[in-house]
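Notes to accompany the following structure.
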Amino acid sequence: MNQETIVIDGVRYYADRPNSCRGCFFWKNRKAGCSLKKENCYYLAESSKKTCLLPGDRIYGSGQV
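Right, here's the structure in full:
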């Protein structure tokens, strides 16, 4: 499933995102804002967190140098 995406302020969203957060289903009110918060936006096309490791990536446990 390949959906079109757009980039707003350096963040990639799905193209069906409303122009403003206030037009979104998850927007509560001006004081409360979005119920999902910006980092969990329903329309985010890519996660801001790295979810997989590449062959050159290394994981160090605590205490290792």
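So for the sequence shown, this note's numbering puts the first residue at 1; every next one is plus one. Ideal Cβ placement from N, Cα and C applies to all residues, glycine included.
DSSP state of residue i mapped onto helix, strand, coil
i	result
Lys28	strand
Lys50	For Lys50, the pLDDT reaches just 45, beneath the cut-off of 50, and the residue's location in the model is therefore unreliable, although a value from the coordinates is still provided. Coil at Lys50, not helix or strand.
Gly23	helix
Residue burial classification, residue i (beta-carbon count within 10 angstroms, cutoff 16)
i	result
Tyr43	buried
Rounded separation between residue i and residue j - CA only
i	j	result
Gly10	Arg30	24 Å
Asn2	Phe25	23 Å
Ile8	Ala15	10 Å
Gly28	Glu39	First, the amino acid is wrong: residue 28 is Lys here, not Gly. Roughly 16 Å between the two C-alpha positions.
Cys41	Glu4	16 Å
Residue-chain proximity (residue i, chain D), Cβ-Cβ < 8 Å
i	result
Asn40	Structure shown: chain D not included; a single protein chain is present.
C-beta atoms of residue i and residue j nearer than 8 Å
i	j	result
Glu46	Arg17	no
*With contact counted as at least three CB pairs below 8 Å, one residue from each stretch, are the stretch 32-42 and the stretch 9-24 in contact?*
Flag = yes, the stretch 32-42 and the stretch 9-24 touch.
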